[in-house]
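In my numbering, the protein residues as written are 77 to 373. Glycine is no exception: its CB is placed at the ideal position from the N, C-alpha and C atoms. The structure presented is a predicted model; accordingly, all values stated were derived computationally and were not measured. The next block holds one structure in the form of structure tokens; read it before the comments.
Structure follows, in structure tokens:
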């Protein structure tokens, strides 16, 4: 069941990458991020109101709520939308898959989780699959890749998401339900974005809005923000951060599928091979176990 939750999240998030690129010529990245979370906040308002009597509990767990709000809500999406000013949706999705490596690194070096060789092999196979996808089967193409400010911003986003995913497994307060926790980090993340949004509007004014812009904001606020985050957090709860994080390798796969359907792009044999490698790597990760930490950090 945990994998079903993570795949739901990934399938909805893949559209996030496409919308990020489409929207960048119509609405600023900071506005898009702010309005997205404003919509999510409105949806989650009933749970936010119900949390009022638990304010002492919220304060006592504040550091475990603020950290995910910073990395998962404020930084990740804003950096992604800024990166969309420079990169295509597919390139963004390729850089995004560095997040599982961040999850594994944090679990290994911060939380002292020891991984088996089989799991590392699975990560290697999935990574090779992504490399095949990036290079279109031409290894020499990898040596000719140039990195831009957009790549750097997307790497910041991927790293932030890896930190969010890893810390959630070990530090999420169990006193709150998943929907309550989502309501809390959404509220705090939105508060963090307010001064940035104010600076953006004061410096450059409001973007021009249309029905298309509003439709994109509503989609982002409902599906990637509420449904995907809830599903992702439930997946971490059920199968752990490492296995949940590994499904992030499917982001480029879904982006490719959507591009084929909506942009009439053909999937080649090389791309099919890369999908098989990614899927094989994920299966290997799924059927391996990691040792629990031997000492507290």
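- In this structure, the straight-line span from the alpha carbon of residue 146 to that of residue 352 is close to 35 Å.
- Taking all protein chains shown into account, residue 113 has 16 or more neighbouring C-beta atoms within 10 Å of its C-beta and is therefore buried.
- A straight line joining the alpha-carbon of residue 183 with that of residue 284 spans about 44 Å.
- Between residue 134 and residue 100, the alpha-carbon positions lie close to 36 Å from each other.
- Closest in alpha carbon position to residue 331, among 104, 78, 123, 87, is 87.
- Setting aside the 5 residues that flank it on each side, residue 174 is surrounded in the same chain by 234, each with a C-beta closer than 6 Å to its C-beta; the list follows chain order.
- Cβ neighbours of residue 103 within its own chain (closer than 7 Å, five residues either side excluded): 283, 289.
- Only exposed fits residue 281, as fewer than 16 other CB atoms lie within 10 angstroms of its CB.
- By the criterion of a C-beta distance shorter than 7 Å, residue 276 is surrounded in its chain by 104, 106, 107, once the five residues flanking it on both sides are discounted.
- By the Cβ neighbour-count rule, residue 244 is buried, with 16 or more other Cβ atoms within 10 Å of its own.
- Close CB contacts of residue 299 within its chain, under the 6 Å cut and outside five residues either way in sequence, are with 88 (chain order).
- The beta carbons of residue 120 and residue 269 sit about 15 Å from each other, so the pair does not count as a contact at 8 Å.
- Contact between the stretch 250-265 and the stretch 120-131 is present, with at least three C-beta pairs closer than 8 Å.
- Here the alpha carbon of residue 163 sits roughly 14 Å from the alpha carbon of residue 154.
- Under the DSSP assignment, residue 292 falls in the alpha helix (DSSP H) whose first and last residues are 287-298.
- Looking at the backbone, the Cα of residue 204 and that of residue 357 are separated by about 9 Å.
- Exclusion of the five residues before and after residue 311 leaves 78, 81, 82, 320 as the residues of its chain whose Cβ lies within less than 6 Å of its Cβ.
- Linking residue 246 to residue 160 through their CA atoms gives a straight-line distance of about 31 Å.
- Take residue 142, set aside five residues on each side of it, and the residues of its chain with a beta-carbon closer than 7 Å to its own are 264, in chain order.
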